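Peer 1: Take this structure, written in structure tokens, and hold onto it; I'll ask about it next.
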Amino acid sequence: MRRTSSLPLTLLSGALLLSLAACTPPASQTGPTAQAQPTTVRDLPKRPVKDADDPINRFVADRTVDGLVLSVTIDGPSVTLDQAVPARVRKTPRKPTGQGDYAPVTAIGFAGGARISEVAVPDSVVRALDDWNTPHQGALVRVTRRQVVIPLAAPRALDTVEVTAPATGAHARLDVRAAYAEYCRAGERAPNQGQGRDNPMCPKGPVDQQPPGDQQRR
Numbered sequence: 119m120r121r122t123s124s125l126p127l128t129l130l131s132g133a134l135l136l137s138l139a140a141c142t143p144p145a146s147q148t149g150p151t152a153q154a155q156p157t158t159v160r161d162l163p164k165r166p167v168k169d170a171d172d173p174i175n176r177f178v179a180d181r182t183v184d185g186l187v188l189s190v191t192i193d194g195p196s197v198t199l200d201q202a203v204p205a206r207v208r209k210t211p212r213k214p215t216g217q218g219d220y221a222p223v224t225a226i227g228f229a230g231g232a233r234i235s236e237v238a239v240p241d242s243v244v245r246a247l248d249d250w251n252t253p254h255q256g257a258l259v260r261v262t263r264r265q266v267v268i269p270l271a272a273p274r275a276l277d278t279v280e281v282t283a284p285a286t287g288a289h290a291r292l293d294v295r296a297a298y299a300e301y302c303r304a305g306e307r308a309p310n311q312g313q314g315r316d317n318p319m320c321p322k323g324p325v326d327q328q329p330p331g332d333q334q335r336r
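And the structure:
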């Protein structure tokens, strides 16, 4: 009788044991500690940062100046002041050019009769319709009533802003003194924050004027 070698069976049994061992998790993972630990989230403690050390503050300070942002509605030859807010504006404003319907809107800021600053912004008399479902089908249209935002540099408080829109012959002198009222009142309540009567942005005299609005000049 021929003898059959047991070597192949031994190898097969070993391979099977190795496969089972690989599929069996270690004992350390099968006990009570195998449960997932809850994730803990906490805020880092607050750490004050000086304005000069804040990169965002430095970036903004290098590229902007104190100013007054006006929102005006121009309707044909009339100009209405909708809002005026002290804010930081671009140090180097854009300089749009054009003639006729493409002429920019100009604004000149005055303080005590002295000319302080001037800026030009695009007018929106000519607009492109992007609604192709209308009879115009994306044509250019001319509007005479539009709203324009004017960022005007103002290193000191302005009292008057002269706005001119050549496209529709609009011109106005707007009283913007009340724009600084809330800012200066806040400074009087907290003078250590750099606001108040010694701040060039706060005009001398009463600051209890109402915020500007619905002012119109022709």
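Position in the sequence shown (first residue = 1) + 118 = the numbering used here.
In this text, a Cβ means the ideal position worked out from N, Cα and C, and glycines have one as well.
Computed from a predicted structure; not experimentally measured.
1. Which whole-angstrom value is the C-beta distance of leucine 186 and alanine 296, which I expect to be below 8 Å?
2. What's the gap between the Cα of leucine 270 and the Cα of valine 261?
3. Taking just the CA atoms, how far does threonine 215 sit from alanine 238?
4. Where proline 284 and aspartate 193 are concerned, what is the direct C-alpha to C-alpha distance, given to the nearest angstrom?
5. Out of curiosity, what's the CA-to-CA distance linking proline 166 and proline 173?
6. Look at the alpha carbon of glycine 287 and the alpha carbon of valine 183, and state the distance between them as a whole number of angstroms.
7. Taking 6 Å as the limit between beta carbons, can you name the residues of its chain near glutamate 280, skipping five residues before and five after?
8. Exposed or buried, what is leucine 247 when buried is set at 16 or more other beta-carbons lying within 10 Å of its beta-carbon?
9. Got a sec? Which residues, its chain only, sit under 7 Å from threonine 128 by beta carbon, not counting five neighbours each side?
10. Just how far apart, CA to CA, sit lysine 209 and phenylalanine 177?
11. Got a sec? Which residues, its chain only, sit under 6 Å from phenylalanine 228 by beta carbon, not counting five neighbours each side?
12. Going by C-alpha distance, which of Pro211, Arg212, Val190, Thr282 is nearest valine 203?
13. Run through the DSSP bridge pairs and tell me what valine 237 is partnered with.
14. Would you give the residue range spanned by the alpha helix (DSSP H) that aspartate 184 belongs to?
15. Alpha carbon to alpha carbon, how far is cysteine 302 from alanine 205? Give it in angstroms, no decimals.
16. Since proline 318 contacts alanine 275 with CB under 8 Å, what's their CB separation in whole angstroms?
17. For serine 235, which residues of its own chain have a beta-carbon under 7 Å away from its beta-carbon, when the five flanking residues on both sides are left out?
18. Does the Cβ of proline 195 have 16 or more other Cβ atoms within 10 Å, making it buried, or fewer, making it exposed?
Peer 2: According to the structure data:
1. With 8 Å as the limit, leucine 186 and alanine 296 do not qualify as a contact, their Cβ atoms being about 12 Å apart.
2. 24 Å
3. 9 Å
4. 12 Å
5. 14 Å
6. 30 Å
7. Ile226, Arg291
8. exposed
9. Unreliable placement is indicated for threonine 128, whose pLDDT of 48 sits below 50; the coordinate value is still reported in the next sentence. Nothing meets the Cβ criterion.
10. 12 Å
11. Thr278
12. Val190
13. Ala225
14. From DSSP, aspartate 184 is part of no alpha helix (DSSP H) but of the beta strand (DSSP E) over 182-193.
15. 13 Å
16. 7 Å
17. Gly227, Leu270, Ala271, Ala272
18. exposed
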